[in-house]
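As C-alpha cells, the structure follows; a few thoughts come after it.
Number of protein chains: 2
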Amino acid sequence: MPYFDHNATTPLAPVAREAWLQASAETWHNPASPYREAARAKIRLDAARSRLAEFLGCAAEQVVFTSGATEGANATLAHWARMLPPDARVAVNPTEHPCVLEPAKQFFGERLVWLPVTSDGRVEHTAVKAAIEKTAVAGVIVMAANNETGVLQPWPEIARVCASAGVSYFCDAAQWLGKLPASGLGGAGWVIGAAHKFGGPKGVGFFQLPKGAESFRGQLGGAQQRGHRGGTEDLPGAVALVAALAEAEGKKVFQESERVRWREQFEQAVRTAVPGVTVVGAGAERLWNTVSLLMPHTENHRWVTRLDKLGFQVSTGSACATAKEGPSHVLSAMGFAQDEARRVIRVSAGWATVETDWNGLAAALATLESEFRADKVNVIKI
Amino acid sequence: MPYFDHNATTPLAPVAREAWLQASAETWHNPASPYREAARAKIRLDAARSRLAEFLGCAAEQVVFTSGATEGANATLAHWARMLPPDARVAVNPTEHPCVLEPAKQFFGERLVWLPVTSDGRVEHTAVKAAIEKTAVAGVIVMAANNETGVLQPWPEIARVCASAGVSYFCDAAQWLGKLPASGLGGAGWVIGAAHKFGGPKGVGFFQLPKGAESFRGQLGGAQQRGHRGGTEDLPGAVALVAALAEAEGKKVFQESERVRWREQFEQAVRTAVPGVTVVGAGAERLWNTVSLLMPHTENHRWVTRLDKLGFQVSTGSACATAKEGPSHVLSAMGFAQDEARRVIRVSAGWATVETDWNGLAAALATLESEFRADKVNVIKI
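Protein chains in written order, with the working numbering: chain S, 2 to 383; chain F, 2 to 383.
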C-alpha cells in the first residue's frame with residue numbers, strides 16, 4: 002500500500018531498528034553510573050553525538066539529544082524568553098510548525114514580529130534583514146522546509162544575515178533532515194530535528210545549540226549532557242537516530258535527482274487529470290518528496306478517505322493540524338482563503354517510494370475526479 | 002555478572018522489546034493522521050493508556066505519555082508555578098530526586114517550605130499536615146520511594162492529608178513502580194514514572210494528572226494527548242512501557258516476599274563482615290531491592306571500582322548524582338556528615354537477582370574489607 006504521508010512520520014528503517022536493538026542488548030547501562038560497562042555506554046553515546054555533529058558541521062558539545070522536535074522548540078523558546086531582555090522582539094515566519102508557533106506566542110505574545118511570506122510560501126532573507134534593521138528584533142525564527150508544502154526557506158542566507166547582525170537564529174530542520182543534506186546546519190544557530198521524520202524511532206530528537214549557549218538548561222535534574230538536559234539519556238534512541246540519518250545522508254540523491262522529476266511528472270499528471278487544481282508553492286524550490294494540492298472542489302477529507310480505500314495514504318495537512326479544528330495556518334499565511342484551505346491534500350513520499358507509486362497516485366486522483374464530478378453534491382459542496 | 006544498579010536503569014525486558022518491535026512494525030503510523038492505519042495506531046495508543054490507568058487506578062484521560070520522569074517533574078512544577086498564586090508556598094521533601102528538587106528551586110525558590118525528615122529518611126504525614134496548617138502551603142512534594150536509600154514514604158497518608166486540605170500533591174513514583182503495586186497511585190494527585198526503571202525502554206515515561214487539570218500543557222505544539230503534550234506520540238515506547246509494567250505487576254512478589262528476606266540476610270552478612278557499617282534508613286520500611294551502605298572507611302569510589310573488578314556492579318549513589326560533584330543531598334537531609342556521605346554505596350537488585358547474587362555480593366564486600374584493612378592508606382584516608 003503506497004504510503005504518501007512521510008512528513009507525518011516514517012516507518013522505522015531496518016538500520017535504525019538494528020542499532021536500537023544492539024544498544025538495548027549491549028550498552029543498556031546508565032551512562033552516568035560508575036563502572037566499566039556504564040563507561041562503555043557513555044563512550045557510545047559520545048560517539049553518536051560526534052557523528053551527528055559531523056553531519057551538521059558543528060562541535061559535538063553543541064549537540065543535545067532530546068525526545069523530539071517539539072521538546073526542542075519549547076525549550077529553545079523558553080530559554081530565549083529567559084535570556085533576552087524583557088522587551089526584546091522576535092521575528093517569526095507565520096508558516097512555522099505549531100510546535101514552534103505556540104511556544105513563540107506564549108513566550109513572546111505581542112513582542113512577535115510577523116515576517117512577510119510570498120504567495121509561494123517563502124520568507125526572503127531581505128525581509129529578515131529589514132525586520133532586524135527596522136524593528137531591532139533580537140531573535141529570528143524561520144524553518145528549513147515546510148511540513149505542509151515542502152517549500153524550502155533560504156535558511157543559509159537567513160543564518161548569515163542573523164550572524165552578521167548578532168541576532169539569534171532558530172531553524173526547525175525537522176522536515177529538511179534526511180531528505181536534504183544536514184551539512185551547513187552547523188552554521189544555523191539553534192536547530193532542531195526529530196528522528197521519526199527520517200526513519201528513526203519516535204520519541205527521539207536533538208537540538209544543536211549555537212556556540213556560547215553554555216547556560217542553556219532544557220530540563221533540570223541532573224548533569225547529563227553537560228547539564229543541558231537532565232534525565233537518563235536514551236542511548237538506543239540516539240544511536241538509532243544517527244543510524245537512520247547516516248543512511249539517508251548516504252543516499253545523496255538530492256534535489257537535482259530523478260526524484261524531483263517523479264514529483265514534477267506527478268504534478269503535471271494531476272494538472273491534466275484535475276482541471277483547476279493548484280500546486281501550492283509551485284514557484285518555490287520545494288522538497289523532492291512533498292506536494293500540497295489545492296483541489297478545485299470537494300472537501301479534503303473526502304479525497305483522503307477515498308484514496309485510503311484505493312490504497313493510497315495521504316494527509317489533509319500536517320498530522321498535528323488534522324487532530325485540530327480549523328484550516329491550515331500555513332495556507333492562510335500564503336494568502337489562500339479559509340474555504341480553499343479545506344480542499345488541500347498533502348502528498349509526501351519517502352526514499353522507498355518509486356516512480357510507479359507516484360503514477361498510481363496520479364491515476365487514483367484522476368479516477369476520483371471523475372467520480373466526484375459525476376456526483377454533483379460533492380462538487381457543489383464547497 | 003551480577004548487576005546491582007537497577008535504581009539507575011534496568012535491562013530491557015524481553016516483553017518490552019517484543020512490544021516495541023511489534024508496534025514499530027505494525028502500528029508505526031502517526032496516530033493523528035486521517036486514514037485507517039493511523040486510526041489503528043490511535044486505538045492501540047488509547048488501549049495502552051487505559052491499561053496503565055487501570056494499574057494506577059485513575060481514568061484514562063488522566064494519563065499522559067512523556068519522555069521520562071524528568072520531563073514530568075519539570076512540566077508539573079512549571080505548571081504549578083503558572084497556576085498557583087504568585088505568593089503560594091510549596092512544601093517539599095529534601096530527599097527528592099534532583100529532577101524534582103532543581104525545578105522546585107527554580108520555580109519556587111524562597112517560597113519552598115522544607116519538610117522535616119527523620120533520621121531514617123521518612124517524611125511523616127503529620128509533618129505534612131503541620132506544614133499545611135502552619136504555613137498554608139498550596140502544594141506538597143513527597144516521593145513514593147527514595148532512589149538512593151529505598152526508604153518508602155507514607156504517600157497514601159500524605160495523599161489523604163493533601164486531598165482533605167484541598168492542596169495539590171506531587172508524588173514521584175519512579176522508583177516505586179514495577180517494584181511495588183501501582184494500585185492506589187490514582188489517588189496521589191500528580192504522579193510521574195519512567196519506563197527504564199522497570200524494564201521498559203529509555204526515553205519513555207508518563208504522568209498522571211489529577212482530576213480537573215484540564216488546563217495542563219506540558220509541551221505546546223499540537224492537539225496530541227488531549228492537548229496536554231504536543232508532539233507525535235511514541236506508540237512503540239508507550240506499549241513497551243505498559244508491557245514491562247504489566248509483567249512486573251504480575252509478579253506480585255512484594256514487600257512480604259522472600260526478596261525482603263534476601264535483602265535482610267545480605268544486610269546481616271555485611272554487618273558481620275564489615276564492623277562499623279551502617280545500613281542507611283534501617284529503621285524505615287524500604288524497597289525490597291535497595292540497600293544503602295555507609296561504609297566505616299574508604300571512599301565509595303574505591304569500593305565500587307574494586308567490586309566492578311570482582312564482577313559486581315553497584316553505584317555510589319544516584320546515577321544523576323555520580324555525574325556531579327559533591328556528596329548526596331539525601332544523606333545530608335538524613336543528618337549524615339559530608340565525609341560520611343562520601344563513603345556510601347548503593348546496592349539495588351532487580352527481579353532477576355537471586356539469593357546467590359546477594360550472597361556473592363556480601364562475600365565480595367567481606368573480601369574487600371580485609372583487603373582495605375590490610376592497606377592502611379585507604380582506611381585512614383577518610
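Glycine included, C-beta positions come from ideal geometry on N, C-alpha and C.
Since phenylalanine 66 of chain F is in the beta strand (DSSP E), which residue starts that stretch and which ends it? 64 to 67
So what does DSSP say about valine 278 of chain S, is it helix, strand or coil? coil
Quick one, which of F:Met296, F:Leu46, F:Asp6 and F:Val168 has its alpha-carbon nearest alanine 61 of chain F's? F:Leu46
With a threshold of 7 Å between beta carbons, is asparagine 31 of chain F in contact with chain S? yes
What in chain S is Cβ-close to arginine 1 of chain F, meaning under 8 Å? Outside the shown range of chain F, which is 2 to 383, sits residue 1 of chain F, and nothing can be said about it.
Report yes if the CB atom of threonine 291 of chain F is closer than 7 Å to the CB atom of proline 35 of chain S, and no otherwise. no
Closer than 8 Å, Cβ to any Cβ of chain S: which residues of the region 114 to 131 of chain F, in chain order? none
Excluding the five sequence neighbours on either side, which residues of its own chain have a C-beta within less than 8 Å of the C-beta of leucine 113 of chain F, listed in chain order? Arg90, Val91, Ala92, Val93, Ala105 and Lys106
Since I believe arginine 227 of chain S is in contact with glutamine 220 of chain S (beta carbons under 8 Å), could you give me their beta-carbon distance rounded to a whole number of angstroms? Contact flag wrong, Cβ pair sits at about 13 Å.
Per DSSP, valine 171 of chain S forms a beta bridge with which residues? Here residue 171 of chain S is phenylalanine; the residue named in the question, valine, does not match the sequence. Beta-bridge pairing links phenylalanine 171 of chain S to S:Ile142 and S:Trp191.
Determine the burial state of alanine 322 of chain S: buried for a count of at least 16 other Cβ atoms within 10 Å of its Cβ, exposed for fewer. Residue placement at alanine 322 of chain S is flagged as unreliable, the pLDDT there being 49, under the threshold of 50; the coordinate-derived value follows with that caveat. Under this definition alanine 322 of chain S is a buried residue.
With a cut-off of 7 Å, does the C-beta of arginine 343 of chain F fall near any C-beta of chain B? Absent from the structure: chain B. Protein chains present are S and F.
Among S:Arg262, S:Glu72, S:Ser165 and S:Glu370, nearest to alanine 195 of chain S - alpha-carbon criterion: S:Glu72
Name the DSSP beta bridge partners of glutamine 220 of chain S, please? S:Arg230
Is isoleucine 159 of chain F closer than 7 Å to valine 143 of chain F when the C-beta atoms are compared? yes
Identify whether glycine 206 of chain F lies in helix, strand or coil by the three-state DSSP scheme. strand
If you run the structure through DSSP and keep just helix, strand and coil, what is valine 16 of chain S? helix
Is the CB-CB distance between threonine 67 of chain S and phenylalanine 217 of chain S below 7 Å? no
Quick check on arginine 347 of chain S: does DSSP put it in helix, strand or coil? strand
Under 7 Å between C-beta atoms, does cysteine 172 of chain F make it to chain S? no
Look up alanine 375 of chain S in the DSSP assignment and say whether it is helix, strand or coil. helix
With distance defined between alpha-carbon atoms, name the residue in S:Leu295, S:Phe267 and S:Gly284 nearest to glycine 277 of chain S. S:Leu295
Taking 8 Å as the limit between beta carbons, can you name the residues of its chain near glutamine 225 of chain S, skipping five residues before and five after? Pro32, Ala33, Gly231, Gly232, Thr233 and Glu234
Compute the Euclidean distance between the alpha carbons of alanine 285 of chain S and arginine 123 of chain S, then round it to the nearest angstrom. 7 Å
Need the endpoints of the beta strand (DSSP E) that tryptophan 115 of chain F sits in, please. 113 to 115
Cβ separation of glycine 238 of chain F and tyrosine 4 of chain F, assumed to be a contact under 8 Å, to the nearest whole Å: About 23 Å; that fails the 8 Å criterion.
Whole-number beta carbon distance between alanine 24 of chain S and leucine 242 of chain S, since they are thought to touch under 8 Å: 11 Å between Cβ atoms; not a contact.
Compute the Euclidean distance between the alpha carbons of methionine 84 of chain F and leucine 311 of chain S, then round it to the nearest angstrom. 49 Å
Per-residue DSSP class, three states only, for threonine 317 of chain S: coil
When S:Thr136, S:His197 and S:Trp359 are compared against alanine 17 of chain S, the one with the closest alpha-carbon: S:His197
Beta carbon proximity, proline 12 of chain F to chain S, threshold 7 Å: yes
Residues in the same chain with beta-carbon distance under 6 Å from alanine 49 of chain S, minus the five sequence neighbours each way, listed in chain order, please. Ala239, Val240 and Val243
Residue from F:Ala270, F:Lys203 and F:Phe373 with nearest C-alpha to glycine 361 of chain F: F:Ala270
Report back the beta-carbon spacing between valine 281 of chain S and leucine 366 of chain S to the nearest angstrom; my notes put them in contact at under 8 Å. Not confirmed; about 15 Å, so no contact.
If you draw a straight line from the C-alpha of leucine 102 of chain S to the C-alpha of valine 168 of chain S, how long is it? 19 Å
Beta-carbon within less than 6 Å of lysine 253 of chain F's beta-carbon, same chain only, minus the 5 sequence neighbours each way: which residues are those? none
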